[in-house]
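**Q**
Right, here's the structure in full:
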């Protein structure tokens, strides 16, 4: 979203981020305006704590943790965003597809909004597996039935978010939402996920566009010991921020590379732990890496498949 904001700013637009306070320093470091929401209820550090919990969970447990956090953010956005948007003179919104309050606030204020799929694009239809599963696409009767059951569980587990959303929609005389809600703009929905990496979707709205990765060079440099690169073929492995605690996966990668004429670089996504010193071989282990620069030097990249 920051890359998109920077591009819009370069075209003469005034950009303001509305987000929880934990993200203020990151946004302002990129030279962008920031307006915090949820100051009266949000506990500083909640985002980092939630990400830490998510890194240790999977399946429905991970979904429930996400729902709890999203309920807080949805309530904060509905409570604070209308006044903040009017105070800043905001004329249009860019809304994360997974933040349903964005669409609701835009409807209330009668301002246009565009949906941005910051993570994987989510299409709710019977033949497409829900985003919180690891199921493959199979257009068969039993797979469609399985998917419908999973979507029903999603609706049940996200009732708390829907209740918050409908509380404000009732106040604002908007029709209620049913089940798990997304912010889906009738004007434009953009996804940085290439179409080749998405499930087949026969009912894409005309406003949906696959743009490819949204990237701009960051104004912040990430420290990295380039001087320790040996000149051997480089293998770079990163499991992102949520999977960076999966030590058993890093061990497997290190064991596979041990004995090969290569240099392995492992990025833990901010979750490096003492067990990293016990990995097979002599991998170069870092918390973070300047990903584009390291990938450009790598002969092979091992990744969890996250959009970053």
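Numbering (the UniProt record's numbering), first residue to last: 1 to 308. C-beta: ideal position from N, C-alpha, C; glycine also.
Classify residue 118 as helix, strand or coil using the three-state DSSP reduction.
**A** Looking at residue 118 - three-state DSSP - the assignment turns out to be coil, as it is neither helix nor strand.
**Q** Whose C-alpha, out of 77, 100 and 68, is nearest the C-alpha of residue 49?
**A** Of the candidates 77, 100 and 68, the one whose C-alpha sits nearest the C-alpha of residue 49 is 68.
**Q** Contact check, residue 100 vs residue 181 under 8 Å by CB: the rounded distance?
**A** Contact holds; Cβ gap of about 4 Å.
**Q** I'd like to know whether the C-beta atoms of residue 283 and residue 264 end up nearer to each other than 7 Å.
**A** Taking 7 Å as the Cβ cut-off, residue 283 and residue 264 qualify as a contacting pair.
**Q** Is the Cβ-Cβ distance between residue 185 and residue 230 less than 7 Å?
**A** The answer is no: Cβ separation not under 7 Å.
**Q** Is it the case that the Cβ atoms of residue 148 and residue 126 are separated by a distance below 7 Å?
**A** In this structure, residue 126 lies closer than 7 Å to residue 148 by Cβ.
**Q** Please confirm whether residue 254 and residue 212 have their CB atoms less than 7 Å apart.
**A** The answer is no: Cβ separation not under 7 Å.
**Q** Buried or exposed, going by whether 16 or more other CB atoms sit within 10 Å of the CB of residue 38?
**A** Buried, since its Cβ has 16 or more Cβ neighbours within 10 Å.
**Q** Please determine whether the Cβ atom of residue 80 lies at a distance below 6 Å from any heavy atom of the ligand SAM.
**A** In the structure on display, the ligand SAM does not appear, and there are no ligands present to speak of.
**Q** Where DSSP assigns a beta bridge to residue 236, which residues make up the other side?
**A** Answer is 265 and 301, bridged to residue 236.
**Q** So residue 190 packs on residue 209, CB below 8 Å; how close in whole Å?
**A** Sure, about 5 Å apart at Cβ, within 8 Å.
**Q** Mapping DSSP to helix, strand and coil, what is residue 210?
**A** Note: residue 210 maps to strand in three-state DSSP.
**Q** How is residue 35 classed by DSSP in three states: helix, strand or coil?
**A** In the structure shown, residue 35 sits in a strand (DSSP, three-state: E or B).
**Q** Write down the C-beta distance between residue 216 and residue 7 rounded to the nearest angstrom, noting that I regard them as a contact closer than 8 Å.
**A** About 7 Å separates the two Cβ atoms, so the contact holds.
**Q** Return helix, strand or coil for residue 165, following the three-state DSSP convention.
**A** Three-state result, residue 165: helix.
**Q** Check this for me: beta carbons of residue 20 and residue 42, under 7 Å apart or not?
**A** For residue 20 and residue 42, yes; Cβs fall inside 7 Å.
**Q** In whole angstroms, what is the alpha-carbon distance linking residue 61 and residue 236?
**A** Each residue's Cα considered, the two are about 30 Å apart.
**Q** Hey, out of 83, 201, 102 and 133, whose CA is closest to residue 139's CA?
**A** Among 83, 201, 102 and 133, the Cα nearest to that of residue 139 belongs to 201.
**Q** Within a Cβ cutoff of 8 Å, which residues of the same chain sit near residue 109, ignoring the five residues on either side of it in sequence?
**A** Answer for residue 109: 82, 85 and 86, listed in chain order.
**Q** Do you know offhand how far residue 40's Cα is from residue 72's?
**A** Cα-Cα distance, rounded: 12 Å.
**Q** Return helix, strand or coil for residue 191, following the three-state DSSP convention.
**A** Residue state, collapsed to three classes: strand.
**Q** May I ask you to list the residues that DSSP assigns as paired with residue 17?
**A** Its beta-bridge partners are 34.
**Q** Compute the distance between the beta-carbons of residue 295 and residue 301, then report whether it is under 7 Å.
**A** Result yes, Cβ atoms of residue 295 and residue 301 sit closer than 7 Å.
**Q** DSSP has residue 95 in a bridge; who is on the other side?
**A** Its beta-bridge partners are 115.
**Q** Using only CA atoms, which one of 44, 103 and 93 lies nearest to residue 174?
**A** Measuring from the Cα of residue 174, the nearest candidate turns out to be 103.
**Q** Where does the unbroken alpha helix (DSSP H) through residue 105 begin, and where does it stop?
**A** Where residue 105 is concerned, the enclosing alpha helix (DSSP H) stretches over 100-109.
**Q** If contacts are defined as beta-carbon pairs under 8 Å, then residue 46 and residue 22 qualify, I think. What distance do you get, rounded to the angstrom?
**A** Residue 46 to residue 22, Cβ: 7 Å. Contact.
**Q** Between 33, 94, 299 and 24, which has its C-alpha nearest residue 4's C-alpha?
**A** Considering only alpha carbons, the answer is 94.
**Q** Is it buried or exposed for residue 137, if we count other Cβ within 10 angstroms and need 16 for buried?
**A** Flag for residue 137 reads exposed.
**Q** I need the boundaries of the beta strand (DSSP E) containing residue 4, first residue and last residue.
**A** Note, residue 4: premise wrong, no beta strand (DSSP E); alpha helix (DSSP H) at 2-10.
**Q** Bridge partners of residue 286, per DSSP?
**A** Beta-bridge pairing links residue 286 to 267.
**Q** Alpha helix (DSSP H) containing residue 155: first to last residue?
**A** 141-157 is the extent of the alpha helix (DSSP H) around residue 155.
**Q** Got a sec: is the Cβ-Cβ distance from residue 226 to anything in chain B below 7 Å?
**A** Protein chains in the displayed structure number just one, and chain B is not present.
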